[in-house]
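Here the structure comes first, spelled out in structure tokens, and everything after it is commentary.
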Amino acid sequence: MHEERWDAAACLARIRAGDEAAARQLVARLSPLILKLVRAHLPRRTSEEDLVQTVFMRIFAKFDQYSGTVPLEHWVSRVTVNTCFNQLKYERVRPELRWADLSLEQEEVLRDLAANTDPLPAAQNYAARELVERLLERLNPEDRLVITLVHLEEKSLEEVRRLTGWSTTLVKVRAFRARHKLKKHLKFLLQEGKP
Amino acid sequence: MKNMDHTLDRLLRAAAAAGRDQAVEVPFAIEARVMGGWRVAGAGGEPLSLLPIFRRGLAFACLLMLAALILGATRIHDLTSERWTYSNAVASLALTQ
């Protein structure tokens, strides 16, 4: 939309000087990215709009910390992921997920997973996503974040390292442990649903 | 367990595909709220923007306090050395007379 040579540094300087048009331009440019990240990491009990606004307020307040050595979008992604992560910490880990808590579509996904080894049909993608999100609620914020980044957003280790500030080894260890926990929760559900 | 790995992979792949399909359309309300927040912050209503000023003020107050302490200590030192010289002069005068 604003691809014609957008100068981030100049835009930030204009915003610092109180230029509302520049602020509006920045908001229009960054909103899709921030909204996408917020939706991917959204804590259940937080409003999407509230979190996007919090992220933007942090960005406006922390302009001075942006060095300009990396693209603005990278810096903004990191601020967004950290804001979501901090919000997740306020949410308590929920107890075991039971078959009775699931919707009919989510139950269908589980039945398909148990019945064969083929990839799930595309029509079940949204139900699968919802099911994974419900399973993720049983994990702590770090595990939840790493599973979302690695498996749902399909980010590379380097991208996860950059977004979280964790070392590559820590990302690998956390991803492995989180996956193991997720597997345990899924196994519990599958066993519970067996006739 | 290997079978469970495969099952989890299938579930995660389907979930990731659902995420890829999602179109991101920013509701107007979000932009309006963010711009409203920016205006308030610009008018000095945002507490975060006051923090750097407060920090600088605190640092300046600390520097002033340190300078006052150094100045006070120097003055005390000068006074005590003056007294020492005065008492020596009196004693010396008494001895010579």
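Protein chains in written order, with numbering that gives the first Met the number 0: chain A, 0 to 194; chain B, 0 to 96.
All residues carry an ideal CB built from backbone N, CA and C; glycine is no exception.
| query | result |
| --- | --- |
| List the residues of chain A that B/ARG54 touches, going by C-beta distances under 9 Å, in chain order. | Those do not exist, as B/ARG54 stays about 12 Å from chain A at its closest Cβ, beyond 9 Å. |
| Using a Cβ cut-off of 8 Å, pull out every chain B residue sitting near A/LEU112, in sequence order please. | THR6, ARG9, LEU10 |
| Could you check where the alpha helix (DSSP H) with A/HIS184 kicks off and where it finishes? | 167-191 |
| Alpha carbon to alpha carbon, what distance is there between A/THR147 and B/LEU50? | 33 Å |
| Any beta carbon of chain A sitting closer than 9 Å to that of B/ALA58? | no |
| Just checking: is the beta-carbon of A/ARG173 within a distance shorter than 9 Å of some beta-carbon in chain B? | no |
| At the level of alpha carbons, what is the spacing between A/GLN123 and A/ALA177? | 24 Å |
| Here's the rule I'm using: 16 or more other beta-carbon atoms within 10 Å means buried, otherwise exposed. How should B/ALA58 be labelled? | exposed |
| Helix or strand or just coil, what does DSSP make of A/TYR65? | coil |
| Taking Cβ-Cβ distances shorter than 7 Å, what residues in chain B pair up with A/TYR65? | Under the 7 Å cutoff, chain B gives no residues; its nearest Cβ is about 15 Å from A/TYR65. |
| List the endpoints of the continuous alpha helix (DSSP H) containing A/LEU115. | One point to set straight first is that residue 115 of chain A is Asn, not Leu, in the sequence displayed. Careful: A/ASN115 lies outside any alpha helix (DSSP H) and carries neither H nor E. |
| Tell me which same chain residues have a C-beta within less than 6 Å of the C-beta of A/LEU11, skipping the five on either side of it? | PHE62 |
| Taking 9 Å as the cut-off, decide whether the C-beta atoms of A/VAL80 and A/LEU135 are in contact. | no |
| Grab the span of the alpha helix (DSSP H) containing A/GLN86 for me, first residue to last. | 71-89 |
| Residue range of the alpha helix (DSSP H) that A/VAL51 falls in? | 47-60 |
| Tell me the residue span of the alpha helix (DSSP H) that contains A/VAL26. | 19-40 |
| Any contact of the segment 184-191 of chain A with the segment 154-172 of chain A, i.e. 3+ C-beta pairs under 8 Å? | no |
| Which first and last residues belong to the alpha helix (DSSP H) in which A/THR147 is found? | Here A/THR147 belongs to no alpha helix (DSSP H), and DSSP marks it neither H nor E. |
| Using the beta-carbon count (16 or more within 10 Å), is A/THR198 buried or exposed? | This structure cannot settle anything about residue 198 of chain A, because the visible part of chain A is limited to 0 through 194. |
| Could you tell me whether the Cβ of A/ARG13 comes closer than 9 Å to any Cβ of chain B? | no |
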